[in-house]
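For the sequence shown, the positions run 4 to 301 when my numbering is used. Quick reminder that beta carbons are idealized off the backbone N, C-alpha and C, glycines included. All figures in this text were calculated on a predicted structure; none of them were measured in a lab.
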Amino acid sequence: MRSRSGYSRDEDAFGRQNPEQSGDFNSAQNGIMMTSTLMLSVVLVTCGAQEAAAEVAPATHVTEVVPAPDPEAERWLDRIEKRFGDVKSLHADLVYRRIDGVDVLDDKQTHKGTIVFVVGPPAKFSVNFVKLIVDRRPVPQDVWYIFDGQWLVESNRTEKIFTKDQIVPPDAPAEQANPLASGRGPFYLPINARKKEVLQRFHVTLKKAAKSDPPNSLHFELIPRAGRQRRITRIDLWYDRETLLPVRAETLDTGPNQSIVIVKNAAVNRKVDPKRFDVSVPRGRGWRTTVRPYKKPE
C-alpha cells in the first residue's frame, strides 16, 4: 500500500525492506509514508504445460566505481554530529515540494507548515501542513504527520482521515527510532545525521558553492552505495555553515520524482508542547480511522 508521499508502507525511501518484515530492525524502522534490505530474485514464468521454461541468462557482475573519500566532507560531518550533542529539540517553518515525473509530467505540489523535532532518544517529530499549493493556487489544509517514538500517524483533519501504524517493535532500543533519517517519514530530512550511518549508506562529497545554494551553506552530495539502495538515486543536503542546522534537502528517485524540503527560521531547544505529539485516535463523527499495531514477522 502506498501513502500520499508516494512510497510503499513496506519499503523505505531507499527500497529497503521494512525491518518488521525482515526481522532486522537494526537497519531502520518501517514507515507509514516513505523506503528494505535489498534482495535480487529471479522469477521463471511458464506460459503453459506444453511450453518449455525460458532460458535464463548468466548473471553479469557489475563493478562499482567507488569515488575517492572526501576528507573535508567527513570533517564537516563530524562537526554536524558533535553539534547535535547540544540540541534537544528543533522548531522550524517548513516548505515541502514534491515533483512527480521530473521533466515528463512535472506534477508539482507544495505544502507549507511547521515542524517540531525532538532529538531523543527516541527521536520524535510533528509536522503540520496548513497550506497546499497546486497550479499556483493556495488551498488551506490541516494535515499532520506525527511520530511519537513508536507510532507513526498521518492525520488529515481536513478530510477526516486518520492512519496510525506502530512501526517500532515495543522492545526495540529507543536509539533506533528515527523515520526522518531513514526516509520513512513524509520526507527525508536527517536532522541529527550520524556520520557512521551516513557513510555506510552513501558516498558523500562536499560540493563547491553555487549561486543557487542557500546563503552561507554547505552542500553535500550523497550517492547510494552499490547494493544499499535502489529507489533513491541521489540526495543533496545543505547545512548552515554557522549553526550547522539543515536548511534544505533534495531527493531524486527512479520515478524520476523529486522531493524538496526547505527549513526556515529554525530555533533549537525551545519548550516543546506535548500536544503536538498526541497520536490518539480522534473522536467525533465522520472520521475514517485505521490503526495497525506492530505485527511480528512470521
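Q. Does the region 227–243 come close enough to the region 255–269 that 3 or more CB-CB pairs lie under 8 Å?
A. yes
Q | Residue nearest to K299 in terms of C-alpha spacing, selected from E245, D174, I226 | A | D174
(Q) Which same chain residues end up closer than 6 Å to P285 when comparing Cβ atoms and leaving out the 5 residues on each side of it in sequence? (A) F165
(Q) What does the Cβ neighbour count give for R82, buried or exposed, with the cut at 16 atoms within 10 Å? (A) So R82 ends up on the exposed side.
(Q) If I measure Cβ to Cβ from D73 and keep anything under 8 Å in the same chain, skipping five residues before and after, which residues do I get? (A) V207, T208, L209
Q | C-beta contact flag for V156 and K167 at 8 Å | A | yes
Q. Out of curiosity, what's the CA-to-CA distance linking P125 and A269?
A. Roughly 21 Å separates the two Cα atoms.
(Q) Can you tell me where the alpha helix (DSSP H) holding V282 begins and where it ends? (A) Looking at the DSSP string, V282 is not in any alpha helix (DSSP H), and its letter there is neither H nor E.
Q) So, is D109 buried or exposed, given that buried needs 16 or more other C-beta atoms within 10 angstroms? A) exposed
(Q) Distance check for A180 and R139, CA to CA, integer angstroms please. (A) 36 Å
Q.
To the nearest angstrom, how far is the alpha carbon of K368 from that of H222?
A. Missing from the structure shown is residue 368; the chain here goes from 4 to 301 and no further.
Q. Among the residues of its own chain, which have a CB less than 6 Å from the CB of S262, if the five just before and after it don't count?
A. R101, F190, T254
Q: Specify the secondary structure class of P249 as computed by DSSP and reduced to three states.
A: strand
Q) Counting along the chain, where does the alpha helix (DSSP H) carrying W79 start and finish? A) 74–86
Q) At what residues does the beta strand (DSSP E) containing K91 begin and finish? A) No beta strand (DSSP E) holds K91; DSSP gives it neither H nor E.
Q | Residues near R160 in its chain [Cβ-Cβ closer than 6 Å; skip 5 each side] | A | D145
Q | Environment of R273 [buried if 16+ CB atoms lie within 10 Å] | A | exposed
**Q.** Proximity winner among G104, E178, I136, relative to H114 (alpha-carbon distances)
**A.** I136
Q) Just the Cα atoms here: how many angstroms apart are F132 and K85? A) 30 Å
Q) Rounded C-beta distance between L192 and P249? I'm assuming under 8 Å. A) Taking C-beta atoms under 8 Å as the contact rule, L192 and P249 qualify, at a distance of about 6 Å.
**Q.** C-alpha distance - E245 paired with N219, whole-angstrom precision
**A.** 8 Å
Q.
Looking at F128: is its Cβ nearer than 8 Å to the Cβ of L80?
A. no
(Q) Considering only the alpha carbon of each residue, which of L225, V130, R78 lies closest to D276? (A) Relative to D276, the option among L225, V130, R78 whose CA is nearest is V130.
Q.
Buried or exposed, going by whether 16 or more other CB atoms sit within 10 Å of the CB of V119?
A. For V119, the number of other beta carbons within 10 angstroms of its own is at least 16, and it is reported as buried.
(Q) Residues in the same chain with beta-carbon distance under 6 Å from I265, minus the five sequence neighbours each way, listed in chain order, please. (A) Within the same chain, Cβ atoms closer than 6 Å to the Cβ of I265 are found at V98, R251, the five residues on either side in sequence being excluded.
(Q) Nearest by alpha-carbon distance to W154: which of W290, R288, S283 is it? (A) S283
Q: Could you have a look at V171 and say whether DSSP puts it in helix, strand or coil?
A: coil
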